[in-house]
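Chemist:
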Amino acid sequence: FNSTTYQWPANSVIRKKLQGYVGFANLPNQVHRKSVKKGFHFTTMVVGESGLGKSTLVNTLFNTTLYPAKNDTVELSPEVPKTVEIQAITADIEENGVKLRLTVVDTPGFGDFVNNEESWKPILDNIEARFDAYLEQENRVNRHKMVDNRIHACIYFIQPTGHALKPLDIEFMRRLHTRVNLIPVIAKSDTLTEEEIRVFKERILADITHHNIHIYQAPQYEYDDSETISENREIMAKIPFAIVGSDKEVEAEGGRRVRGRKYPWGVIEVDNEEHCDFVKLRQMLIRTHMEELKEYTNDVLYENYRTEKLMAMGIQQDPSVFKEVNPLQKMEEERQLHETKLAKMESEMKMVFQAKVQEKEAKLKQSEEELYARHKEMKEALEKQRLELEEKKRRIESGRPITPEKKQKKGFSFNK
Ligand code: GTP
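Numbers 48 to 463, taken from UniProt numbering, label the letters of the sequence shown in order.
#1: May I ask whether a heavy atom of the ligand GTP can be found less than 7 Å away from the beta carbon of K235?
#2: Pull up the DSSP beta-bridge partners for L147, would you.
#3: Quick one: Cα of T225 to Cα of H261, how far?
#4: Quick check: is any heavy atom of the ligand GTP less than 7 Å from the C-beta of G98?
#5: Is P75 helix, strand or coil when you go by DSSP?
#6: Any chance the CB of G95 is under 7 Å from a heavy atom of the ligand GTP?
#7: Please classify M331 as buried or exposed, where buried requires at least 16 other C-beta atoms within 10 Å of its C-beta.
#8: Kindly examine the ligand GTP and report whether one of its heavy atoms sits closer than 7 Å to the Cβ of D297.
#9: Go to E338, then tell me how far its beta strand (DSSP E) extends in each direction, as first and last residue.
#10: So, helix, strand or coil for V105, using DSSP?
#11: Can you list, in chain order, the stretches of the alpha helix (DSSP H) that have 4 or more residues and sit fully within the segment 385-453?
#12: Could you pull the start and end residues of the alpha helix (DSSP H) that P214 belongs to?
#13: Using the Cβ count rule (16 or more neighbours within 10 Å means buried), how would you classify residue 16?
#14: Should the segment 316-330 be called in touch with the segment 281-299, which here means at least 3 C-beta pairs below 8 Å?
#15: Going by DSSP, what residues sit across from A135 in a beta bridge?
#16: With a threshold of 16 other CB atoms inside 10 Å of the CB of W312, please say whether the residue is buried or exposed.
#17: Verify the contact flag: R245, CB atom, against every heavy atom of the ligand GTP, threshold strictly below 7 Å.
#18: Does any heavy atom of the ligand GTP sit closer than 7 Å to the C-beta of P287?
#19: Buried or exposed: which applies to I286, given that a residue is buried once 16 or more other Cβ atoms fall within 10 Å of its Cβ?
#20: For I251, name the three-state secondary structure that DSSP assigns.
#21: Can P169 be considered in contact with the ligand GTP, in the sense that its beta carbon sits closer than 7 Å to one or more heavy atoms?
#22: Kindly indicate which three-state DSSP category I262 falls into: helix, strand or coil?
#23: Counting C-beta neighbours from all protein chains within 10 Å, is the total for H257 16 or more, i.e. buried, or is it exposed?
#24: Closer than 8 Å by C-beta to I255: which residues in its own chain qualify, once you throw out the five before and the five after it? Chain order, please.
#25: Does the beta carbon of S166 fall short of 7 Å from some heavy atom of the ligand GTP?
#26: With distances taken from CA atoms, which of L239, G209, C201 and K84 is nearest V105?
#27: Less than 6 Å between C-beta atoms, sequence neighbours within five positions excluded: which residues of the same chain meet that for I174?
#28: Going by other Cβ atoms of all chains shown within 10 Å of its Cβ, with 16 needed for buried, is K463 buried or exposed?
#29: If contacts are defined as beta-carbon pairs under 8 Å, then V152 and A138 qualify, I think. What distance do you get, rounded to the angstrom?
#30: With K204 and K295 assumed to form a contact (beta carbons below 8 Å), what rounded beta-carbon distance in angstroms separates them?
#31: Does the segment 181-200 touch the segment 86-95, meaning 3 or more C-beta pairs lie closer than 8 Å?
#32: Decide if F400 is buried, meaning its Cβ has at least 16 other Cβ atoms within 10 Å, or exposed.
#33: Using the rule of at least 16 other Cβ atoms within 10 Å of the residue's Cβ for burial, across every protein chain shown, is I443 buried or exposed?
#34: Shorter than 7 Å, the distance from the beta carbon of P231 to the closest heavy atom of the ligand GTP, or not?
#35: Look at L182 and K356 and say whether their C-beta atoms are less than 8 Å apart.
#36: Looking only at its own chain, which residues have a Cβ that is under 6 Å from the Cβ of T387, when we skip the five neighbours before and after it?
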């Protein structure tokens, strides 16, 4: 249960005082036992130019020789790599019965070339490939054994120049800050004075703000007690951590054996907060914020990546539920669209047909009228002709002797 992801509705909470022991006060112990049984898993990436002390710091952080000492590496490859490589080392470490599977992803070659313009690219690709692998597992039907290989933190090593961030640093952080929890550190800070470190830190933070780079910030919760709040503040105030790494023990004042670096003027103790910020970095990374880093990776960085990726694939997502466009719904929408198109075509055809019919009717009417006019004309001409003939006949009859048929008609007999 995480109070940051679920808020009880204020008006539905009833506060009750228990009358006896129920047992749920033991819940944290149950979670603790289960987590201890399952073990923990953390993946961190280290990025920085060659020789800035990345492997030494990892060994110092986890108090183990995760990386073999450089003089142990007998065979050195004669070929210089042409691009940034990605190498991962996994180790199971145990402390007081608690197991931690630690994966360190190294990026040899970063910043080591004449042209470092695209040094960030293989690293970003690797981080996104890990997100893709997780997304693929999430989409599987059987999600019981999900393997989380996502990078939970990226420790970025800044060269202890004492001036400002280099273009390479800015470009890297600008390109990566939306994909990974960035933790900037000043490498080999024992090469700088206290004052130089203070000024350098200010310049680095100013550059980060200027370029709108988001580095990891520990979240504050309202339920945090004052001790946690001040502990967090102290850690955050040290960013970028000025670190010193050493996996060797040296003799300090009073004959004490400490992890540190020995100089003619004295000993720099790695585990002494007065000497460097190593303790604060370790505290944040391991003791207090490991789960927070994992949570932020999952809830914010990965979630944003997933949303971007799925949106690019045309799948919509609402804030709480994943909603793929229902294929049946899509077919229904397409069918309706098709029907509307057909109906429109039909009405257009009807209109054209009606216009044609009207045109034909008008033409027929016109030819009917013409026919009627001709018929009338002919009838009149015939009538005129008939009248003329009758007139002629009448005239002929009046000027000529009556024919035998006419005499007969009038009652004459020729034989008498
Ligand atoms: P690559 O493997 O080449 O990328 O180097 P790296 O970044 O892993 O550096 P590595 O840890 O091998 O350290 C390089 C050298 O710097 C070694 O001689 C270390 O002893 C030394 N070194 C490591 N950390 C520190 C430090 O905090 N201060 C100083 N002064 N030297 C350091």
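Note that beta-carbon positions come from the ideal geometry of N, C-alpha and C, so glycine has one too. Since the structure is predicted, the reported quantities are computational estimates derived from the model, not experimental observations.
Modeler: Based on what the coordinates show:
#1: yes
#2: F87 and I140
#3: 8 Å
#4: yes
#5: P75: helix per DSSP, three-state reduction.
#6: yes
#7: buried
#8: Strictly speaking, residue 297 in this sequence is Val, with Asp absent from that position. No, Cβ of V297 sits at least 7 Å from all heavy atoms of the ligand GTP.
#9: Counting along the chain, E338 sits inside no beta strand (DSSP E); it lies in the alpha helix (DSSP H) bounded by residues M337 to Y343.
#10: helix
#11: none
#12: P214 to L223
#13: As shown, the chain starts at 48 and ends at 463. That puts residue 16 outside it, with no answer to give.
#14: yes
#15: Per the DSSP secondary-structure output, A135 pairs in a beta bridge with V152.
#16: exposed
#17: no
#18: no
#19: buried
#20: helix
#21: no
#22: coil
#23: exposed
#24: L212, M220, P231 and I262
#25: no
#26: Of the candidates L239, G209, C201 and K84, the one whose C-alpha sits nearest the C-alpha of V105 is C201.
#27: I198, R226 and V227
#28: In this prediction, K463 has a pLDDT of 37, which is less than 50 and means its spatial position is unreliable; nothing more can be read from the coordinates.
#29: Contact check for V152 and A138: beta-carbon distance about 13 Å, past the 8 Å limit, so the pair fails to qualify.
#30: First, the residue type needs correcting, since residue 204 is Phe and not Lys in the sequence shown. Not quite, the Cβ-Cβ distance comes to about 20 Å (not below 8 Å), so this is no contact.
#31: yes
#32: Flag for F400 reads exposed.
#33: Exposed, since its Cβ has fewer than 16 Cβ neighbours within 10 Å.
#34: P231: no, Cβ never under 7 Å from the ligand GTP.
#35: yes
#36: none
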